[in-house]
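Report on the structure given below.
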DNA sequence: TAAAAATACTCCATAGGTATTTTAT
DNA sequence: ATAAAATACCTATGGAGTATTTTTA
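Protein chains in written order, with our numbering: chain R, 119 to 213; chain P, 119 to 213.
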């Protein structure tokens, strides 16, 4: 149950991986660019490796970043599925 | 990418599901019992169903709760695995 | 010099703590 | 009366915003 990688940060990384631009990703996330920047710094420090490679002109995923992003998506899909299944569960003991 | 169920809340529910006592679970999580109580209320309101059934004497998982907890564990295990795999990834583009 | 990310700072929302109440046995 | 969870209220931390700086193309 080790390191907690908040959903907020996972979603941030997923969107940035799609946009490959801090400015556009921040727009989509409805936060400011500095806030997004800080989220990514925080996330990378949590996981302990670089997820994005940026050089003031371009943003791209590192190899580790690609593996991580895929994991985030899979993990989140699994949870969504469980919540849907749970919602549909007939529950004699509800409330 | 719908509803964000924070890891903090997932971990809380997992521990409470193991302890079946707010007092003991709060201890293990190193938070106070009222804080734990509020986390569970928040989590249940997020997912939209009761995860625990409590009656001042006992705490137990609802059926939906069991499905949900399993999903949390599976989802978290998947993410952990991805992080480990990503960490081990040889990355020419690191830093 | 322009375009994009990073940094500095300030502020506020919310997560958590303390104290208390409620509830059932 | 006791034991455990819920509620009320208050506080403080950290996440987000504005302004600015840095970087390189």
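From the three backbone atoms N, C-alpha and C, an ideal C-beta is built for every residue, glycine too. Here the structure is a predicted model, which is why all the values come from computation and not from measurement.
Practice task
Please name the residue in R:165, R:178, R:202 and R:166 whose C-alpha comes closest to that of residue 133 (chain R).
Solution key: Cα-wise, what sits closest to residue 133 (chain R) is R:178.
Exercise for the section: Indicate whether residue 196 (chain P) and residue 166 (chain R) have their beta-carbon atoms separated by less than 9 angstroms. Expected result: No, the pair does not count as a contact, with Cβ atoms beyond the cut-off.
Practice task
Determine the contact status of residue 131 (chain R) and residue 183 (chain R), defining contact as a CB-CB distance below 9 angstroms.
Solution key: Yes, the Cβ-Cβ distance between residue 131 (chain R) and residue 183 (chain R) is below 9 angstroms.
Exercise for the section: Look at the Cβ atom of residue 186 (chain R), then the Cβ atom of residue 169 (chain R), and state whether they are nearer than 9 angstroms. Expected result: When the beta-carbon positions are compared, residue 186 (chain R) and residue 169 (chain R) come within less than 9 angstroms of each other.
Handout entry: Per-residue contacts from residue 123 (chain P) into chain R (C-beta, under 8 angstroms)
Key = Within chain R, the residues near residue 123 (chain P) are 125, 197 and 201.
Practice task
State yes or no: is the beta carbon of residue 207 (chain P) nearer than 9 angstroms to at least one beta carbon in chain R?
Solution key: Output row for residue 207 (chain P): interface = yes.
Problem - Boundaries of the alpha helix (DSSP H) in which residue 170 (chain R) is found, first to last residue - result: If you look at residue 170 (chain R), you'll find it isn't in any alpha helix (DSSP H); it sits in the beta strand (DSSP E) that goes 170 to 172.
Practice task
Determine the contact status of residue 151 (chain P) and residue 194 (chain P), defining contact as a CB-CB distance below 9 angstroms.
Solution key: If you check the CB distance, residue 151 (chain P) and residue 194 (chain P) do not come in under 9 angstroms.
Exercise for the section: Figure out for me which residue from R:148, R:138 and R:137 has the closest Cα to the Cα of residue 126 (chain R). Expected result: Of the listed residues, the one whose Cα sits closest to residue 126 (chain R) is R:148.
Exercise for the section: Taking the CB atoms as reference points, tell me whether residue 155 (chain P) and residue 140 (chain P) lie closer together than 9 angstroms. Expected result: A distance below 9 angstroms separates the beta carbons of residue 155 (chain P) and residue 140 (chain P).
Exercise for the section: With a floor of 3 residues, list each beta strand (DSSP E) that falls wholly inside the stretch 134 to 175 of chain R, ordered by position along the chain. Expected result: Listed in chain order, the beta strand (DSSP E) elements of length 3 or more contained wholly in the stretch 134 to 175 of chain R are 170 to 172.
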